[in-house]
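So the sequence shown is numbered by the numbering used here: it starts at 10 and just counts up by one.
No residue lacks a Cβ here, since even glycine has one placed at the ideal position from N, Cα and C.
These numbers come from a predicted model, not from an experiment.
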Amino acid sequence: MFLLKKKTDLVNMRKAGKIVADVLSLMRELIKPGVDTYTLDKKAEELIRKEKAKPAFKGYRVPGIPRPFPGTLCVSINDEVVHGMPSKDRILEEGDIVSIDVGSFYGGYYGDAACTYPVGEISKEKAELIYVTREALNKAIEVAVPGNTVGDIGYAVETFVKKWGFGIVREYAGHGIGKKLHEPPQIPNYGSPGTGVTLKEGMAIAIEPMVMLGGEKVRTLPDMWTVVTADGSDAAHFEKSVFITEDGPEILTPWE
Ligand code: MG
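Structure, rendered in structure tokens:
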């Protein structure tokens, strides 16, 4: 079962969300050709700790993966979809696209959001991919209202992305969020209208379309974390944490 949030939960959830939104704004300033992804990670961690919060991904453990996630950020470049690890050896180059996923833990609650950025001038294809993924998230948020279902969210993403002929990552999904980083229900980026869990006032969910230029298959690199597209095509990832209310969705991680 999923947990409904009270007004008192929201105070710290908004703060946790604001912190990740601030990190994503900072990344927009820092991302340029020649920057290594370790530097981005350190700047993100500094900001989070200055706000008396903790990085939510650092030390995160997944059953079956021997080493915990090492970074504050997931930094996924070009054909990397999600869970790329920051490194001094990964230098951003002109024409790359880079997805930054960041989580914070503040006052007992989590915030989680992601954004894909261009590095300098990028190709028309990559710009379209970014536009479509970001717009798919917006379409999904529009239907995140009480009475609609998780299937309505997936359907909104899937129909929009298909119209452009791009691929949807099906192995990874959005999720409930609150006192845990990942709570039920799962929020897939595909689905049928009116199916699955019904959305209710008080639910908090992270919606996160992952879209690729090519086919829909992904694989995990031998580092056991980094997920890449199987066909080597580029991928983008946008995410916001959203609170479901009768007055419409409240964005808990308000990056722009
Ligand atoms: Mg997430």
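Mind pulling the alpha helix (DSSP H) runs of 4 or more residues that sit fully within the region 117–203?
For the region 117–203, whole alpha helix (DSSP H) runs of length 4 or above, ordered along the chain, are 133–151 and 159–172.
If I follow the unbroken beta strand (DSSP E) through Asp-110, where does it start and stop?
Its beta strand (DSSP E) spans residues 106–115.
Inspect the CB distances between the region 158–172 and the region 204–216 and report whether three or more fall short of 8 Å.
Short answer: they touch.
So is Gly-112 buried or exposed if we call it buried at 16+ other beta carbons inside 10 Å?
Of the other Cβ atoms in all chains shown, 16 or more fall within 10 Å of the Cβ of Gly-112; this residue is therefore buried.
Mind reading off the beta-carbon distance from Glu-248 to Ala-215? Whole number of angstroms is fine, and I expect it under 8 Å.
Confirmed, Cβ separation roughly 6 Å.
Should the region 120–131 be regarded as contacting the region 93–111, the criterion being three or more beta carbon pairs within less than 8 Å?
Yes: the two stretches touch, three or more of their Cβ pairs being nearer than 8 Å.
With a Cβ-Cβ cutoff of 7 Å, do Asn-147 and Leu-208 count as a contact?
Inclusion of Asn-147 and Leu-208 in the CB contact set at 7 Å is not warranted, their separation being larger than that value.
Start-to-end residues for the alpha helix (DSSP H) that takes in Val-20
Going by DSSP, Val-20 is part of the alpha helix (DSSP H) stretching over 16–39.
Between Ala-239 and Val-220, is the Cβ-Cβ spacing less than 7 Å?
Contact flag unset, no.
Out of Thr-168, Gly-73 and Ala-25, which has the shortest C-alpha to C-alpha gap to Pro-64?
The residue with the shortest Cα to Cα distance from Pro-64 is Ala-25.
Residue closest to Gly-185, alpha-carbon to alpha-carbon, out of Ala-153, Leu-222 and Gln-195
For Gly-185, the nearest C-alpha among the options comes from Gln-195.
In this structure, does DSSP put Ala-53 in helix, strand or coil?
DSSP, read as helix, strand or coil, puts Ala-53 in helix.
Phe-114 versus Asp-121 - alpha carbon distance:
Cα-Cα distance, rounded: 9 Å.
Give me, in chain order, the residues of the same chain whose beta-carbon lies closer than 6 Å to that of Glu-89; leave out the 5 immediate sequence neighbours on both sides.
Once the five neighbours on either side are set aside, the close Cβ partners of Glu-89 are Thr-235 and Val-237.
Suppose contacts are defined by Cβ-Cβ distances below 7 Å. Is Ala-149 in contact with Ala-165 by that definition?
Pairing Ala-149 with Ala-165 gives a Cβ-Cβ distance under 7 Å.
Taking contact to mean 3 or more Cβ pairs, one atom from each stretch, closer than 8 Å, check whether the region 77–85 and the region 47–67 are in contact.
Yes: at least three Cβ pairs fall under 8 Å.
What do you reckon, is the C-beta of Ala-215 under 6 Å from a heavy atom of the ligand MG?
Checking the Cβ of Ala-215 against the ligand MG gives yes.
From Val-29 to Gly-174, what distance separates their C-alpha atoms?
Roughly 31 Å separates the two Cα atoms.
CB of Leu-101 within 7 Å of CB of Pro-42, strictly
If you check the CB distance, Leu-101 and Pro-42 come in under 7 Å.
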